[in-house]
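Enquirer: In our numbering, the protein residues as written are 69 to 367. Think of the CB as a built atom: it goes at the ideal place given N, C-alpha and C, for glycine as much as any other residue. In this text, all values refer to a predicted model and were calculated from it rather than measured experimentally.
1. In angstroms, rounded to a whole number, what distance separates the CA positions of residue 342 and residue 314?
2. For the ligand PLP, any of its heavy atoms closer than 6 Å to the Cβ of residue 348?
3. Considering just the uninterrupted stretch of the alpha helix (DSSP H) at residue 348, what are its terminal residues?
4. Name the DSSP bridge partner or partners of residue 120?
5. Buried or exposed for residue 286, please, with buried defined as at least 16 other CB atoms from any protein chain shown within 10 angstroms of its CB.
6. Between which two residues does the alpha helix (DSSP H) holding residue 324 run?
7. Apply the 10 Å Cβ neighbour rule to residue 216 and answer buried if 16 or more other Cβ atoms are within range, or exposed otherwise.
8. Compare the Cα-Cα distances from residue 357 to each of 232, 334 and 328 and report the closest residue.
9. Look up residue 290 in the DSSP assignment and say whether it is helix, strand or coil.
10. Count the other CB atoms, across all protein chains shown, that sit within 10 Å of the CB of residue 240; report buried if there are 16 or more and exposed otherwise.
11. So residue 157 and residue 183 are in contact, right, with Cβ under 8 Å, and what is the actual spacing, rounded?
12. How far does the alpha helix (DSSP H) with residue 228 in it reach, from first residue to last?
13. What's the C-alpha gap between residue 123 and residue 150?
14. Starting from the Cα of residue 142, find the closest Cα among 127, 128, 129 and 168 and give me that residue.
15. Let me know the secondary structure DSSP gives residue 104 once reduced to three states.
16. Residue 161 lies in the alpha helix (DSSP H); which residues open and close that run?
17. Roughly how many angstroms separate the alpha carbons of residue 258 and residue 223, rounded to a whole number?
18. Quick test of your reading: residue 254 and residue 162, contact by CB under 8 Å. State the CB separation rounded to the nearest angstrom.
19. Please confirm whether residue 263 and residue 298 have their CB atoms less than 7 Å apart.
20. So which of 207, 233, 177 and 211 has the shortest CA-CA distance to residue 189?
21. Round the Cβ separation of residue 295 and residue 148 to the nearest angstrom and send it over; I've been treating them as touching at under 8 Å.
22. Pull up the distance between the alpha-carbon of residue 354 and that of residue 323, whole angstroms please.
23. What would DSSP say about residue 269, mapped onto helix, strand or coil?
24. Apart from the five residues on each side of it in sequence, which residues of its chain come closer than 7 Å, Cβ to Cβ, to residue 335?
25. Apart from the five residues on each side of it in sequence, which residues of its chain come closer than 7 Å, Cβ to Cβ, to residue 351?
26. Please go through the same chain and pick out, in chain order, the residues whose beta-carbon is closer than 8 Å to the beta-carbon of residue 331, but skip the five residues on each side of it.
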């Protein structure tokens, strides 16, 4: 009994830390593919923004246009992937270009998840008013129940669970963690696999880490179709992963106000660095004034 009392917490800690810098056990390539194709949230659709795949950093800078507009959202191209030479440019310059390239993606993907959450709120209010839910609405809800791993309960109970599991996270948090996990876009996993957050998989598909002597059980890093898929997968992980139950509860209590520092406090299992990682996330948000994006690009 004594052995078991110590074994279980140790197992949970090890299980939670299986990631280069983020828990990604629920997100295998098959799941990320589902996230891209639909089940409640559509692909990026915009008339003002074109989806681009720049071959060089010079091409990327040209696409981003005038530097005075780099940290805006409207009429900014959506970047499918970072160019192959992105890691070779000077760190300070790369940092600015990285923010300008990832910000529009973060804004659009966040808006998609927020729109989905609003739909759940509308359905929740319908149930409370005892209003009828159409067959098409039920069909859409059933797809969302499947996607967010909600299997039991009455329709009312399942919608209440869905209300907690849907939604997004602050743009400032997306940018800060993407910056940390991808080394401001210089990571091989980001450039070759569009993986901004180092999310792992135990599937045979994916990218194999180099020279990882202490990785334990062999794993690979998910290779995504595009950067959009990576951000989408990252948010789904927050919405379904066991390690983020407290984050979801806190988000529900705060809605619709997002405080990135409160979110960051709930990332204790995100990295094996635990509280040091949380402090790093907060420092990145603060030093780069990422909160301005939460205010300027509210969805």
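Expert: In short:
1. Computed Cα separation, rounded: 15 Å.
2. You won't find the ligand PLP in this model; it holds no ligand whatsoever.
3. Element bounds for residue 348: 343 to 355.
4. Beta-bridge pairing links residue 120 to 147.
5. With fewer than 16 other CB atoms across the displayed protein chains lying within 10 angstroms of its CB, residue 286 is exposed.
6. Following the DSSP letters along the chain, one finds residue 324 in no alpha helix (DSSP H), marked with neither H nor E.
7. By the 10 Å Cβ count, residue 216 comes out buried.
8. Nearest C-alpha to residue 357 among 232, 334 and 328: 328.
9. Annotated three-state conformation of residue 290 is coil, per DSSP.
10. With 16 or more other Cβ atoms within 10 Å, it is buried.
11. That pair is no contact at about 35 Å.
12. Residue 228 -> alpha helix (DSSP H) spans 223 to 233.
13. A direct Cα-Cα distance of roughly 8 Å separates residue 123 from residue 150.
14. Check the Cα spacing between residue 142 and each of 127, 128, 129 and 168: the tightest is with 168.
15. Residue placement at residue 104 is flagged as unreliable, the pLDDT there being 30, under the threshold of 50; a coordinate-derived value is accordingly withheld.
16. Run containing residue 161: 159 to 196, per the alpha helix (DSSP H) assignment.
17. C-alpha separation (whole angstroms): 40 Å.
18. Right, the Cβ-Cβ distance comes to about 7 Å (below 8 Å), so this counts as a contact.
19. A contact, by the Cβ cut-off of 7 Å.
20. Comparing Cα-Cα distances from residue 189 to each of 207, 233, 177 and 211, the minimum goes to 233.
21. The pair is a contact, with the Cβ atoms about 7 Å apart (cut-off 8 Å).
22. Distance from the CA atom of residue 354 to the CA atom of residue 323, rounded to whole angstroms, is 22 Å.
23. In this structure, residue 269 counts as strand in the three-state DSSP scheme.
24. Annotation for residue 335: 345, 346 and 349 place their beta carbon closer than 7 Å to its own, counting only its chain and skipping 5 residues before and after.
25. Nothing meets the Cβ criterion.
26. Hits under 8 Å: 237, 238, 241, 315, 318 and 319.
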